[in-house]
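Numbering (full-length UniProt numbering), first residue to last: 1 to 345.
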């Protein structure tokens, strides 16, 4: 069995991942150990041991995760009867600790492991670091600051990640096709489970401008984006229908735009639609006509729905099991037989 190390991350090839059962949340990525000595506080298997709890590298730092390459999780501990709730952290703390660990596998069965980290610490870092400020400008009035407590999970199956390989001194792509989440801990054998085992495979959204595809126009996300226009204070059903028709023409043809910002066939709902889109896509952006402006607005609103979905689907319940019952052994002695006196006669 051979292993290759890329930076501090462990990478396994071929059928090793399947052999070790890495799709199971309860089974950690393992390395061959020099002895069967267990690492205090980490998950272990017979004759094999994981890295010590808290020694994994940050997924965000390694892959440079942002909105476009991550989904979200917010952790909530349930059913803890062992005392104070454990701290969920990137590294082991002084007291009870749960460390989330992500296992990613690509189509070549290459496996990466890393630790999720909080996505932001305040509204400023939410805007600048997570959104990359340019994309945040397009969120407008649709997506508002959700507060803290959200962790970044690498996107699976939809976004190509990249990492810097220290051996070749180059940046290499990595497209995970599966991903799992588990919690290593120092709870002394108390079982821990999670409502999320497999990482989300939903489109995480994007940074910057992007044109929609034919497939995206058939998705529930696009229907929800149209609803934003319909439900806006200045919007209505007629504007939603016109917006849908304009974007359909831009994506699949034939276009309804005249090439100079107007429509080939005038529509009384066009100017009100531009005003509604302008109110939704953010400050400093004015919708001045058809063509690319309507197409970009479609992409931005589609992205809004993806982000709202990520926030709504973020809650993860982490259940801390009950400790094993204490087994006691009671020793009883049989009552002594009474002594019958004997008489000599």
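Even for Gly, the Cβ is constructed at its ideal location relative to N, Cα and C. As the structure is a computational prediction, the values presented were derived from the model and not from experiment.
State buried or exposed for residue 177, treating a residue as buried only when at least 16 other CB atoms are found within 10 Å of its CB.
For the purposes of this step, residue 177 is taken as residue 177 along the chain shown, with counting starting at 1. By the 10 Å Cβ count, residue 177 comes out exposed.
From residue 141 to residue 108, what does the alpha carbon distance come to, in whole angstroms?
In the chain shown, the residue the question calls residue 141 occupies position 141. In the chain shown, the residue the question calls residue 108 occupies position 108. Approximately 42 Å between the Cα atoms of the pair.
Using a Cβ-Cβ cutoff of less than 8 Å, which residues in the same chain neighbour residue 276 once the five nearest sequence positions on both sides are dropped?
The residue labelled residue 276 in the question sits at position 276 within the chain shown. Once the five neighbours on either side are set aside, the close Cβ partners of residue 276 are 229, 232, 234, 235, 239.
Can you give the Cα-Cα distance for residue 274 and residue 293, rounded to whole angstroms?
Stepping through the chain shown from its first residue, residue 274 is reached at position 274. Stepping through the chain shown from its first residue, residue 293 is reached at position 293. Using only the alpha carbons, I get a separation of about 9 Å.
Between residue 55 and residue 152, is the Cβ-Cβ spacing less than 8 Å?
Position 55 of the chain shown, counted from the start, is the residue given in the question as residue 55. Position 152 of the chain shown, counted from the start, is the residue given in the question as residue 152. Their beta carbons are not under 8 Å apart, which means residue 55 does not touch residue 152 by this criterion.
Between residue 183 and residue 304, what straight-line distance do the alpha-carbon atoms span, to the nearest angstrom?
The count along the chain shown starts at 1 and reaches residue 183 at position 183. The count along the chain shown starts at 1 and reaches residue 304 at position 304. Each residue's Cα considered, the two are about 31 Å apart.
Residues in the same chain with beta-carbon distance under 8 Å from residue 162, minus the five sequence neighbours each way, listed in chain order, please.
In the chain shown, the residue the question calls residue 162 occupies position 162. Answer for residue 162: 63, 64, 171, 172, 173, 174, listed in chain order.
With DSSP collapsed to three states, give me the class of residue 127.
Taking the first residue of the chain shown as position 1, residue 127 is located at position 127. Residue 127 falls in the helix class under three-state DSSP.
Answer with buried or exposed for residue 226, where buried requires no fewer than 16 other C-beta atoms within 10 angstroms of its C-beta.
Position 226 of the chain shown holds residue 226. Looking at its Cβ environment, which holds 16 or more other Cβ atoms inside 10 Å, residue 226 is buried.
With DSSP run on the structure shown, which of helix, strand or coil describes residue 104?
Your numbering for residue 104 matches position 104 in the chain shown. Correct three-state label for residue 104: strand.
If I measure Cβ to Cβ from residue 311 and keep anything under 7 Å in the same chain, skipping five residues before and after, which residues do I get?
Translated into the one-based positions of the chain shown, residue 311 becomes position 311. Contacts found: 72, 146.
Report the residue from 300, 265, 83 whose alpha carbon sits nearest the alpha carbon of residue 279.
For this step, residue 279 is matched to residue 279 along the chain shown. Residue 279 has its Cα closest to that of 300, out of 300, 265, 83.
Of all the alpha helix (DSSP H) runs that stay within the bounds of the stretch 229-305, which reach a length of 4 or more residues?
Fully enclosed alpha helix (DSSP H) runs of 4 or longer: 237-252, 270-281.
Output needed for residue 203: all residues of its chain with C-beta closer than 7 Å, excluding positions within five of it in sequence on either side, in chain order.
By one-based count along the chain shown, residue 203 stands at place 203. Hits under 7 Å: 158, 306.
Return the Cβ separation of residue 212 and residue 298 in integer angstroms, given the expectation that the two are a contact with Cβ distance under 8 Å.
Position 212 of the chain shown, counted from the first residue, corresponds to residue 212. Position 298 of the chain shown, counted from the first residue, corresponds to residue 298. With 8 Å as the limit, residue 212 and residue 298 qualify as a contact, their Cβ atoms being about 5 Å apart.
Among residues of its own chain, excluding the 5 on either side of residue 98, which ones have a beta-carbon nearer than 6 Å to its beta-carbon?
On the chain shown, residue 98 is found 98 positions in, with the first residue counted as 1. So the list reads 86, 88, 183, 185, once near-sequence residues are dropped.
Quick one: measure Cβ to Cβ for residue 131 and residue 67, integer angstroms, because I've assumed they're closer than 8 Å.
Sequence index remark: in the chain shown, residue 131 carries index 131 (1-based). Sequence index remark: in the chain shown, residue 67 carries index 67 (1-based). With 8 Å as the limit, residue 131 and residue 67 qualify as a contact, their Cβ atoms being about 5 Å apart.
Give a yes or no on whether the C-beta atoms belonging to residue 317 and residue 129 are separated by under 8 Å.
On the chain shown, residue 317 is found 317 positions in, with the first residue counted as 1. On the chain shown, residue 129 is found 129 positions in, with the first residue counted as 1. Not a contact, by the Cβ cut-off of 8 Å.
With C-beta atoms as the reference, is residue 291 less than 8 Å away from residue 259?
Here residue 291 refers to the residue found at position 291 of the chain shown. Here residue 259 refers to the residue found at position 259 of the chain shown. Yes.
Note down the Cα distance separating residue 222 from residue 302, rounded to an integer number of angstroms.
By 1-based counting over the chain shown, the position of residue 222 is 222. By 1-based counting over the chain shown, the position of residue 302 is 302. Each residue's alpha carbon lies about 6 Å from the other.
Buried or exposed: residue 268, going by 16 or more other Cβ atoms within 10 Å of its Cβ?
On the chain shown, position 268 is the one that residue 268 refers to. It is exposed - the Cβ of residue 268 has fewer than 16 other Cβ atoms within 10 Å.
Per DSSP, residue 151 forms a beta bridge with which residues?
Locating residue 151 in the chain shown gives position 151, where the first residue counts as 1. In the DSSP output, where bridge partners are listed per residue, residue 151 has 73, 118.
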